[in-house]
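Numbering (the numbering used here), first residue to last: 977 to 1281.
Beta carbons are placed, not taken as given, at the ideal position from N, Cα and C, and that holds for glycine.
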C-alpha cells in the first residue's frame, strides 16, 4: 500500500510536499543520507543469508523514510496507520521507535539539527557563525490531561488554558533554527524557561537580541555589549504613545523570521495535534526532527538558488 502512495507522491512536487513536507528532490537527497545511517545501524551480524526470513511490509529505504515523514506530517494514531498501511497497529509503533532515531542522526549528519545545549561562548559562535541578530521565542503543543496529580498543575498553561509542553527556540535572520531547548512543562513562563537554559550568559558581545513582550526583564540577564530590542508594554496609567506603537510595529515586523520558523515546524501535524506518545524520548525528539526538517528544507532551497 505504501509503495503505491510513494509512487503517486513522486509524480508531483505538490503531492510530495503535502504528504512529507519535502519536494521530490529534497526527499531523494534525504533518502540517500538516511540509507547510509540505516545500514550503519544494523549492528547485529547476519546468521542467515541476506534476504532470508519474513519479508517486511516496508522493503525499500525510501518506503521507510516516506512512512516516517508521513507520520510526522499527518500524525495518525497507530490504529489508523495500521488500517491505512494494512498492517497490525503494533507495527507502526515499532517502526517509529526504531527509525526515528535514525532520522535524527541523519539530520545531524547533514548539519541541519539545531543545538540542544550551548555551554560556552565558543559553542555559541559555532552554532551562530557570522550572525549579528538572533530571535528568541517559544512554541507550545497541547498534551493529554496527565493522570498524575502532580503533573496537573505542572503542565497546565495559563496562557493557552490547557495542558501543554513547550520549547524555546532561537533563529537567525534567515529563519533557520539554530537552537532548540528540551521539552518542558507548559506552566513555565517563556522568560523562566529561557533562564533555566542558561544560554544568555554565553551570548558574545555585538549580538542584538530580538524578543517579544513575554521576555520582559531580559535586559537584566544580558551582559554588557549585547543590545536587546523588545516591544514596550502599556498599562492603564501609562498608555503607549503613537511613536511607541509605531516602534512596536517595527520590532514585530523585524521579528518575523522566528514566527516563520515556528510556522515551518508546525507544517507537521505532530506539532499541532495533542501529544499522544507516552514515550518521552519520542515526545522530545519530535520538535527537534521538525526543526531539522525545516532547516533541511531551507538549506536545500538555498542550494537550488
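Check, Outcome
"Exposure label - residue 1214; buried when at least 16 CB within 10 Å", "exposed"
"Buried versus exposed call for residue 1084 [16 or more other C-beta atoms within 10 Å across all chains shown]", "exposed"
"With 16 other Cβ atoms within 10 Å as the buried cut-off, status of residue 1098", "exposed"
"Straight-line Cα distance separating residue 1115 from residue 1010", "28 Å"
"The stretch 1095-1111 in contact with the stretch 1163-1182 per 3-pair CB rule at 8 Å", "yes"
"Sheet register partners of residue 1275 (DSSP bridge)", "According to DSSP, which records beta bridges pairwise, residue 1275 is partnered with nothing at all."
"Counterpart residues of residue 1203 in DSSP-defined beta bridges", "1184"
"Straight-line gap, residue 1068 to residue 1209 (C-alpha atoms, nearest Å)", "48 Å"
"Where the beta strand (DSSP E) through residue 1114 begins and ends", "1109-1118"
"Those runs of the alpha helix (DSSP H) which lie wholly inside the stretch 1056-1096 and span at least 4 residues", "1066-1085"
"Spatial neighbours of residue 1243 in its chain, beta-carbon cut-off 7 Å, leaving aside the 5 residues before and after", "997"
"For residue 1253: DSSP bridge partner residues", "In the DSSP output, where bridge partners are listed per residue, residue 1253 has none listed."
"CB contact flag (residue 1154, residue 1148, <7 Å)", "yes"
"Distance between residue 1161 and residue 1257 (C-alpha atoms, nearest Å)", "15 Å"
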